[in-house]
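Protein chains in written order, with my numbering: chain A, 1 to 148; chain B, 1 to 518; chain C, 1 to 47.
Worksheet: the structure to be examined is printed underneath.
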Amino acid sequence: PLGPAIMTKDHLYQQTMMESAFHHLPHPSDSERLRNYLPRNQCPTPPYHSQVMPSHMDSLDLFQRLSTEALFFIFYYQEGTKAQYLAAKALKRQSWRFHTKYMMWFQRHEEPKTITDEYELGTYIYFDYEKWGQRKKEGFTFEYRYLE
Amino acid sequence: FDDPPGLREKTEYLLREWVSMYHSPASGKDSTKAFSAFVNQMHQQGILKTDDLITRFFRICTELCVDLCYRALSEQAHTPTLTRAKCFHTLDAFVRLIALLVKHSGDASNAVTKINLLNKVLGIVAGVLLQDHEVRHTEFQQLPYHRIFNMLLLELNAPEQILEAINYQIMTAFCNALHVLRPSKAPGFVYSWLELISHRIFIARMLAMLPQQKQGWPMYAQLLIDLFKFLAPFLRNAELPKYTALLYKGCLRVLLVLLHDFPEFLCDYHYGFCDVIPPNCIQMRNLILSAFPRNMRLPDPFTPNLKVDMLTDITQPPRIMTNFSAMIQPATFKKDLDSYLKTRSPVTFLSELRSHLQVSQEPGQRYNTALMNALVLYVGSQAIAYIHSKGSTPSMSTITHSSHMDIFQNLVVDLDTEGRYLFLNAIANQLRYPNSHTHYFSCTLLYLFAEANTEAMQEQITRVLLERLIVNRPHPWGLLITFIDLIRNPSFKFWNHEFVHCAPEIEKLFESVARSCM
Amino acid sequence: LGSDLTTLGLNLNSPENLYGTFQSPWAESPSRPQDIDFHVPQEYITN
Numbered sequence: 001p002l003g004p005a006i007m008t009k010d011h012l013y014q015q016t017m018m019e020s021a022f023h024h025l026p027h028p029s030d031s032e033r034l035r036n037y038l039p040r041n042q043c044p045t046p047p048y049h050s051q052v053m054p055s056h057m058d059s060l061d062l063f064q065r066l067s068t069e070a071l072f073f074i075f076y077y078q079e080g081t082k083a084q085y086l087a088a089k090a091l092k093r094q095s096w097r098f099h100t101k102y103m104m105w106f107q108r109h110e111e112p113k114t115i116t117d118e119y120e121l122g123t124y125i126y127f128d129y130e131k132w133g134q135r136k137k138e139g140f141t142f143e144y145r146y147l148e
Numbered sequence: 001f002d003d004p005p006g007l008r009e010k011t012e013y014l015l016r017e018w019v020s021m022y023h024s025p026a027s028g029k030d031s032t033k034a035f036s037a038f039v040n041q042m043h044q045q046g047i048l049k050t051d052d053l054i055t056r057f058f059r060i061c062t063e064l065c066v067d068l069c070y071r072a073l074s075e076q077a078h079t080p081t082l083t084r085a086k087c088f089h090t091l092d093a094f095v096r097l098i099a100l101l102v103k104h105s106g107d108a109s110n111a112v113t114k115i116n117l118l119n120k121v122l123g124i125v126a127g128v129l130l131q132d133h134e135v136r137h138t139e140f141q142q143l144p145y146h147r148i149f150n151m152l153l154l155e156l157n158a159p160e161q162i163l164e165a166i167n168y169q170i171m172t173a174f175c176n177a178l179h180v181l182r183p184s185k186a187p188g189f190v191y192s193w194l195e196l197i198s199h200r201i202f203i204a205r206m207l208a209m210l211p212q213q214k215q216g217w218p219m220y221a222q223l224l225i226d227l228f229k230f231l232a233p234f235l236r237n238a239e240l241p242k243y244t245a246l247l248y249k250g251c252l253r254v255l256l257v258l259l260h261d262f263p264e265f266l267c268d269y270h271y272g273f274c275d276v277i278p279p280n281c282i283q284m285r286n287l288i289l290s291a292f293p294r295n296m297r298l299p300d301p302f303t304p305n306l307k308v309d310m311l312t313d314i315t316q317p318p319r320i321m322t323n324f325s326a327m328i329q330p331a332t333f334k335k336d337l338d339s340y341l342k343t344r345s346p347v348t349f350l351s352e353l354r355s356h357l358q359v360s361q362e363p364g365q366r367y368n369t370a371l372m373n374a375l376v377l378y379v380g381s382q383a384i385a386y387i388h389s390k391g392s393t394p395s396m397s398t399i400t401h402s403s404h405m406d407i408f409q410n411l412v413v414d415l416d417t418e419g420r421y422l423f424l425n426a427i428a429n430q431l432r433y434p435n436s437h438t439h440y441f442s443c444t445l446l447y448l449f450a451e452a453n454t455e456a457m458q459e460q461i462t463r464v465l466l467e468r469l470i471v472n473r474p475h476p477w478g479l480l481i482t483f484i485d486l487i488r489n490p491s492f493k494f495w496n497h498e499f500v501h502c503a504p505e506i507e508k509l510f511e512s513v514a515r516s517c518m
Numbered sequence: 001l002g003s004d005l006t007t008l009g010l011n012l013n014s015p016e017n018l019y020g021t022f023q024s025p026w027a028e029s030p031s032r033p034q035d036i037d038f039h040v041p042q043e044y045i046t047n
């Protein structure tokens, strides 16, 4: 029974401003830090891709099913995001350890009872970050090398 | 007053210096190395000498950043992503400078100077925005301001001890600035504004993480009320233009997040929200009224022979964070109301009641809705207290023959259709989760139906309930149990009424609702 | 009659809170893990 409200001059002004703002909405990426390597571009997902995000997208379970390469890809290209965090956790589940001093990953084959320098050196696969950095420029392949 | 000669050029130089230092690899973790070098430059350039110069410095920086964005946006040469990258290159650096200055101003433990500076900067940015909004009118762009506010929110909510210690003051400063920039003041900023107050960090801080958990709730409620007040006139029309429809949809999304994650917040502030949500926004209002405390188990309203008055929660009053009794004005009216409730005098009170509520002859705007809502809830809560004082609980028999019911019966008889609609809405707004208000007002509505001396009243009561039921979910628990009781309880002879059979589709509608309830 | 609120892109049956992945009032889906800022250990920032 109330019917439409009478639009005052002020309301009409607000409506005009709202309408013009409608044409340059903020994009969700405006509310997050810039991504160096994978900027969130604003083109919509092509129709032939599924439009609905798989549920549990941000679960560790899903990340654990990704390949090691995919996890490293996410770790290095999506730094500072939740995806990187989950990738790191998944890598650790695969016995990869992040070596803070060399800022790179190495994989341990067995969990040491006690960690000693000597033990740390002897059992893991060495992940050559520098070479990897170089390879990254050339085309992104992994290189594993045993340390004797 | 005009800026001192040369200050703008000096500021422009300094800002450019800072942006390049910020982006250089040598800036150090969180740009701390760059910052200490830059502060020296600020000192040397005399920027930090007086409060006035600092203010002018920030205002000019803001204007320079904004101008840069307008230039980049007008170039149209780039993709939106590239344009943004270009703008954010400077904006993000500027924000980092603000954050560092806030963090390092005054000595480490002194929050006052930090928050003063933050308030100053937020005020300056808001000031520049409002002026820009005024001057550029429909050419106004939200991008630079959105980025500054948003990145400053991220920067000042980083997990750092110094920031954690003053987080409440930081969030208060943001709320003050956002209230200054509320949609009715800056409609051209409304989409950014809603995006800002619904940012996951903003919601986390305001509703979940502030030390004394509910410190942020009243401030957040105020911002939502700002939004509802802005939307109200536009939502009163059935036809929504796409830009209003989008804003409304965005608002629903935010409310759904709140309903899912913070139902107690919606419960506590439902009264203030319903006061400003237009009565015809039935689904949005239902969404708020459907909230119930997470630790509460709601019995299925469709359970046959549900004994509502046996539920333990039904005796507990809900938390209502709005001081609704203070909203009953003028004071003389309140005094007369209290006196009538207590002693049923002055006898003229009932006959004058409508004149207090009616404020104009303009159809659709005849009544002071806020006063109507406050009166209904106040009288109802006084009635509950009165019934409890007699050692009883609200029921169809205990709510009758009291000064409280006199007032309600007077209103339902004396008001015109529009007034009665608002009055019945005020009652229906209390039909929520199991609590003493829901129970009392459910009984009251049914009692008014049973005692109505004209079928028009009964029809209108039914309409108010039905319009809330036929919209898409969610539906408040109290609404369902009231309507189910109305159609099931033979004492109301619901199905005998003419209006139930006034048209085949109406009849069909009732039957389908009944089928789902019985 | 209002709209079907389950079609607004929010997983209303989610056991976790929604606000942590709420992307925007204008977005039809929640944020993805790679969209959300996250405070990872400093060493992880290698670029």
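Note that the Cβ used here is the ideal one computed from N, Cα and C, for glycine as well.
Three-state class that DSSP yields for residue i in the structure shown
| i | result |
| --- | --- |
| TYR367/B | strand |
| PHE57/B | helix |
| ILE6/A | coil |
| LEU15/B | helix |
| ARG32/C | coil |
| PRO1/A | coil |
| MET405/B | helix |
| PHE106/A | strand |
| GLN15/A | helix |
| ASP2/B | coil |
| PHE51/A | The sequence shown places Gln at residue 51/A, rather than the Phe named in the question. In this structure, GLN51/A counts as coil in the three-state DSSP scheme. |
| ASP275/B | helix |
Candidates the options: closest to residue i by CA position
| i | options | result |
| --- | --- | --- |
| TYR10/A | THR315/B, LEU259/B, PHE230/B | Note that residue 10/A is Asp in the sequence shown here, rather than Tyr. Among THR315/B, LEU259/B, PHE230/B, the Cα nearest to that of ASP10/A belongs to PHE230/B. |
| LEU152/B | PHE324/B, LEU14/B, SER105/B, ILE201/B | ILE201/B |
| PHE58/B | ASP309/B, ASN119/B, ASP406/B, ALA514/B | ASN119/B |
| ARG16/B | LEU91/B, ARG463/B, PRO330/B | LEU91/B |
| THR400/B | LEU480/B, THR113/B, PHE449/B | PHE449/B |
| VAL39/B | LEU256/B, MET21/B, LYS29/B, PRO25/B | MET21/B |
| PHE1/B | THR55/B, ASN410/B, SER345/B | THR55/B |
| SER403/B | GLY380/B, SER491/B, VAL135/B, LEU14/B | GLY380/B |
| PHE262/B | VAL112/B, ASP30/B, GLY6/B, GLY216/B | GLY216/B |
Chain A contact residues for residue i, given Cβ-Cβ distances below 7 angstroms
| i | result |
| --- | --- |
| PRO144/B | Ordered by position in chain A, no residue passes the 7 angstroms Cβ test against PRO144/B, which lies about 10 angstroms from the chain. |
Presumed contact (8 angstroms Cβ cut-off) between residue i and residue j, rounded CB distance
| i | j | result |
| --- | --- | --- |
| SER192/B | TYR243/B | Not really, about 14 angstroms apart at Cβ, beyond 8 angstroms. |
| THR62/B | VAL102/B | No, THR62/B and VAL102/B are not in contact; Cβ-Cβ is about 15 angstroms, not under 8 angstroms. |
| PRO394/B | LEU311/B | No, PRO394/B and LEU311/B are not in contact; Cβ-Cβ is about 12 angstroms, not under 8 angstroms. |
| ILE45/C | GLY80/A | 6 angstroms |
| TYR378/B | ILE328/B | 6 angstroms |
| LEU247/B | VAL190/B | 6 angstroms |
| ILE170/B | LEU156/B | 5 angstroms |
| MET57/A | PRO33/C | 6 angstroms |
| HIS199/B | ASN150/B | 7 angstroms |
| LEU431/B | PRO476/B | 6 angstroms |
| HIS260/B | ILE288/B | About 13 angstroms separates the two Cβ atoms, so there is no contact after all. |
Within chain B, the residues that residue i reaches when beta carbons sit closer than 9 angstroms
| i | result |
| --- | --- |
| GLN42/C | LYS29 |
| PRO15/C | Per Cβ cutoff of 9 angstroms: no residues; PRO15/C is ~10 angstroms from chain B at best. |
Chain-ordered chain B contacts of residue i [CB-CB under 7 angstroms]
| i | result |
| --- | --- |
| ASP4/C | ASN472 |
| THR16/A | THR138 |
| ASP37/C | LEU154 |
| PRO33/C | Those within 7 angstroms of PRO33/C in chain B number zero; the least Cβ separation is about 13 angstroms. |
| MET7/A | PRO233 |
Within chain A, the residues that residue i reaches when beta carbons sit closer than 9 angstroms
| i | result |
| --- | --- |
| HIS199/B | SER31 |
Chain-ordered neighbours of residue i on chain C, where CB pairs are closer than 9 angstroms
| i | result |
| --- | --- |
| ALA157/A | This structure cannot settle anything about residue 157/A, because the visible part of chain A is limited to 1 through 148. |
| PHE98/A | PRO41, GLU43, TYR44 |
Within chain C, the residues that residue i reaches when beta carbons sit closer than 7 angstroms
| i | result |
| --- | --- |
| HIS260/B | LEU12, LEU18 |
| THR68/A | Within 7 angstroms Cβ-Cβ: nothing; THR68/A doesn't reach chain C, min ~17 angstroms. |
Contacts of residue i in chain B (Cβ-Cβ under 8 angstroms)
| i | result |
| --- | --- |
| SER29/C | Neighbours of SER29/C on chain B: none; closest Cβ ~11 angstroms, over 8 angstroms. |
Contacts of residue i in chain A (Cβ-Cβ under 8 angstroms)
| i | result |
| --- | --- |
| THR21/C | ASP58 |
| PHE189/B | ALA21 |
Quick check on the DSSP output: what are the complete alpha helix (DSSP H) runs of length 4 or more inside the region 54 to 100 of chain A, in order along the chain?
60 to 64, 68 to 77, 82 to 93
Extract the residue ranges of the beta strand (DSSP E) inside the region 278 to 336 of chain B, only unbroken runs of 3 or more that lie entirely within it.
none
What alpha helix (DSSP H) runs, 4 residues minimum, are completely inside the region 156 to 185 of chain B?
161 to 164, 167 to 180
Could you name each continuous alpha helix (DSSP H) segment of 4 residues or more that falls completely within the region 414 to 467 of chain B, going from the start of the chain to the end?
417 to 428, 436 to 451
In chain order, which alpha helix (DSSP H) runs of at least 4 residues are fully inside the region 40 to 103 of chain B?
51 to 75
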